[in-house]
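Notes to accompany the following structure.
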Amino acid sequence: MVKSRKWIVFLTGTLLVVLALVSYFLISPSGYPSVYRVIYYGIERSPSWSASLDGVGSFSSPRVTDLNKDGVGDIVLGAGRQEFQESDTAVTALDGKTGDVIWKSAAENQVFGSPLFHDITQDGVNDVLISGRNGIFKAINGVNGEVIWNFSDLVDKATIGKKYFNFYNPQLIPDQDGDGLRDVLVANGGDVLKQPFDEDRPVGHLLVISSETGKILSEAPMPDGKETYLSAVLSSGLESEEVAIAFGTGGETVGGSLYLCTLADVLAGNLSRAVQVASNESKGFIAPPVWVDLTGDGREDLVAASVDGDVYAFDGKSKALLWKTAIQGTEIYSTPAIGFFRNRDTPGVYVTSAIGTWPNLGFSKHSLLDGASGEMLQTDTLGYFQSSSPVVVDLNGDGLDEVLLSVNYESFSEEGKKIYQNTLFLVDFSTNKKFELQVPLDGQNIASTPWLGDLDGDGNLDIVFCHSTNPTKEYAFDGMSVHRIKTKVAIETPIIWGAYMGNEGNGRFN
Numbered sequence: 001m002v003k004s005r006k007w008i009v010f011l012t013g014t015l016l017v018v019l020a021l022v023s024y025f026l027i028s029p030s031g032y033p034s035v036y037r038v039i040y041y042g043i044e045r046s047p048s049w050s051a052s053l054d055g056v057g058s059f060s061s062p063r064v065t066d067l068n069k070d071g072v073g074d075i076v077l078g079a080g081r082q083e084f085q086e087s088d089t090a091v092t093a094l095d096g097k098t099g100d101v102i103w104k105s106a107a108e109n110q111v112f113g114s115p116l117f118h119d120i121t122q123d124g125v126n127d128v129l130i131s132g133r134n135g136i137f138k139a140i141n142g143v144n145g146e147v148i149w150n151f152s153d154l155v156d157k158a159t160i161g162k163k164y165f166n167f168y169n170p171q172l173i174p175d176q177d178g179d180g181l182r183d184v185l186v187a188n189g190g191d192v193l194k195q196p197f198d199e200d201r202p203v204g205h206l207l208v209i210s211s212e213t214g215k216i217l218s219e220a221p222m223p224d225g226k227e228t229y230l231s232a233v234l235s236s237g238l239e240s241e242e243v244a245i246a247f248g249t250g251g252e253t254v255g256g257s258l259y260l261c262t263l264a265d266v267l268a269g270n271l272s273r274a275v276q277v278a279s280n281e282s283k284g285f286i287a288p289p290v291w292v293d294l295t296g297d298g299r300e301d302l303v304a305a306s307v308d309g310d311v312y313a314f315d316g317k318s319k320a321l322l323w324k325t326a327i328q329g330t331e332i333y334s335t336p337a338i339g340f341f342r343n344r345d346t347p348g349v350y351v352t353s354a355i356g357t358w359p360n361l362g363f364s365k366h367s368l369l370d371g372a373s374g375e376m377l378q379t380d381t382l383g384y385f386q387s388s389s390p391v392v393v394d395l396n397g398d399g400l401d402e403v404l405l406s407v408n409y410e411s412f413s414e415e416g417k418k419i420y421q422n423t424l425f426l427v428d429f430s431t432n433k434k435f436e437l438q439v440p441l442d443g444q445n446i447a448s449t450p451w452l453g454d455l456d457g458d459g460n461l462d463i464v465f466c467h468s469t470n471p472t473k474e475y476a477f478d479g480m481s482v483h484r485i486k487t488k489v490a491i492e493t494p495i496i497w498g499a500y501m502g503n504e505g506n507g508r509f510n
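So for the sequence shown, the numbering used here puts the first residue at 1; every next one is plus one.
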């Protein structure tokens, strides 16, 4: 009997130890069970490499192209210090294999835009077009980081901060100046020196710029005379009259509208024919919209979100409203993500919003909407405010997509000081569960969307993400890290929404 009791004590003790170990390894710091799923997916909880960029932070999202021709995609992103401070690492190219710096480029202010790749020099290596604050828009040689042209050097210096303000994410358009290179459409506007509720804002513009020289080929002021913060996106089409452009006006505290025009309108320098499809008296449209076929008629429709928490879908042909869904009590600064989350009949729309009113924004809310009807299928809160966007991947190979999110944690030290950490989460709609994929790292992410794809061509998923490294600063521009997670997850179906504004960065779901 005594021996039996000893065995019971031994087995009980062993079980407790096993449970403790399981709890230690399988429960993330946030309390979500995660590692068992991570092992199932074949994802390491630590990056394969991490690169530190000292003295800067980023609102930019990484994009990938092979700059050194080693067969592995390299990472390019913008960065900066505080507003109106110069940085020698405002644009950085990192070796995708090692994380080493290939080149870096300086700027006099924050480079918050995400890179657009275009082989301007015709040497077989993509060059970089990238945008930022207060007139920053430049073309950079992809091989060596030398500046090909800088917009602010090509115009009267007096117009910077008076007529030309922030440049947003550019898009390629057909060649307009006959040099054989595709040219660029880009939105410009937003005077950072204006007080939040000052209605007297300088008018924003849509510009067409030569990709080879940086010269302005045409410019068109906003039809309502208001500012713009929205990266314009173009639909498919071969002729300038067929290509629809979605653009928007207004901001966090100033009303604005969402418009559709044609490329021909911009080339003519006149947006008076633009169709106003939505308007709001108190807040505007900031998040870039998305072109996606929701009706199944073979023509792209438009999904857009306003700052005040409304999500819209418009028919691509008639421009009529298909549906409108309000995400109550939130504001939206993130581009919607598109994927096949519940079925493969109609794409779904996944939206990250912030609970509260700017500048007092708290938890992030994440909502899954039916692409056909706008019905809210699922909503949840996870992490604290950031304006990075969700990305989409079928990680478990079941034919349906999951969402990957950058998530910020907030806690307090013993002294009562706020502490920030950042991690990655996966949302699985087939099980209605979410899993932490990454050990939480010190610091936080404000606006940088992760990148998903295959860097080295081995058929397996790679994840690239970045965050600040200062755990005690809310808006940290004094150090950041870029990470690559190399997984053993086979990419069985093409990644359909793996980067900010989609795979190609053009706001189109293909």
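A virtual CB, placed ideally from N, CA and C, is assigned to each residue, including glycine. The model shown is predicted, which means the values in this text are computed figures rather than measured ones.
- Excluding sequence positions up to five before and after Lys417, its CB lies within less than 8 Å of the CB of Thr472, all in the same chain and listed in chain order.
- Beta-bridge analysis with DSSP links Ser87 to Ala107.
- Taking a C-beta distance under 8 Å as the contact criterion, Phe429 and Arg342 qualify as a contact pair.
- Bounds of the alpha helix (DSSP H) holding Val266 are 263-267.
- Ser406 has its alpha-carbon roughly 15 Å from the corresponding atom of Pro47.
- In its chain, beyond the 5 residues on either side, Glu83, Arg133, Asn134, Phe165, Asn166 have a beta carbon closer than 8 Å to the beta carbon of Val192.
- If you look at Asp428, you'll find it isn't in any alpha helix (DSSP H); it sits in the beta strand (DSSP E) that goes 418-428.
- As the crow flies, the alpha-carbon of Asp478 is around 36 Å from that of Trp291.
- In terms of Cβ geometry, Lys226 and Val275 do not form a close pair [threshold 8 Å].
- Here DSSP, grouped into helix, strand and coil, assigns Asp66 to coil.
- By DSSP's assignment, Lys433 forms a beta bridge with Asp428.
- Ranked by how close their Cα comes to the Cα of Leu207, the residues Val243, Leu263, Gly178 have Leu263 in first place.
- For Gly57, DSSP records a beta bridge to Gly80.
- Using a Cβ distance threshold of 8 Å, Arg182 and Pro174 count as a contacting pair.
- When the Cα atoms are used, Leu302 and Leu258 turn out to be separated by approximately 11 Å.
- Counting only runs of at least 3 residues, the segment 147-205 fully encloses the following beta strand (DSSP E) elements, listed from N- to C-terminal order: 147-150, 171-173, 183-189.
- For the beta strand (DSSP E) assignment, the uninterrupted runs of no fewer than 3 residues enclosed by the segment 222-310 are, from N- to C-terminal side, 244-248, 256-262, 275-280, 290-292, 301-305.
- Taking 8 Å as the cut-off, the Cβ atoms of Gly374 and Lys434 do not count as close.
- Exclusion of the five residues before and after Asp398 leaves Ser430 as the residues of its chain whose Cβ lies within less than 7 Å of its Cβ.
- 8 Å or more divides the Cβ of Gly339 from the Cβ of Trp103.
- Residue nearest to Val307 within the set Phe314, Asp297, Gln328 is Gln328 (criterion: CA-CA distance).
- Here the alpha carbons of Thr487 and Ser52 stand approximately 21 Å from one another.
- Spanning the alpha carbons of Asp293 and Leu369 requires a straight line of approximately 15 Å.
- Only residues of its own chain outside the window of five on either side were considered, and among them Val243 have a CB closer than 6 Å to the CB of Gly237, listed in chain order.
- Using a Cβ distance threshold of 8 Å, Trp149 and Gly99 do not count as a contacting pair.
- Under the three-state reduction of DSSP output, Ser353 falls in the strand class.
- DSSP places Asn503 in no beta strand (DSSP E); its state is neither H nor E.
- In terms of CA proximity to Thr379, Ser367 leads the group Pro390, Ala158, Ser367.
- Between Ile446 and Tyr475 a beta carbon distance of about 7 Å is seen, short of the 8 Å cut, so the two are scored as contacting.
- Checking the DSSP bridge columns, you'll see Trp451 partnered with Val464.
- Residue environment: Lys317 is assigned as exposed (fewer than 16 neighbouring CB atoms within 10 Å of its CB, all protein chains considered).
- Here Lys488 is not bridged, per DSSP, to any residue.
- Distances from the alpha-carbon of Thr381 to those of Leu185, Asp88, Lys97, Gly362 put Gly362 closest.
- Under the DSSP assignment, Ala326 falls in the beta strand (DSSP E) whose first and last residues are 321-326.
- Distance from the CA atom of Asp315 to the CA atom of Thr295, rounded to whole angstroms, is 8 Å.
- Within its own chain, the residues whose Cβ lies closer than 7 Å to the Cβ of Phe197, once the five positions on either side in sequence are excluded, are Thr253, listed in chain order.
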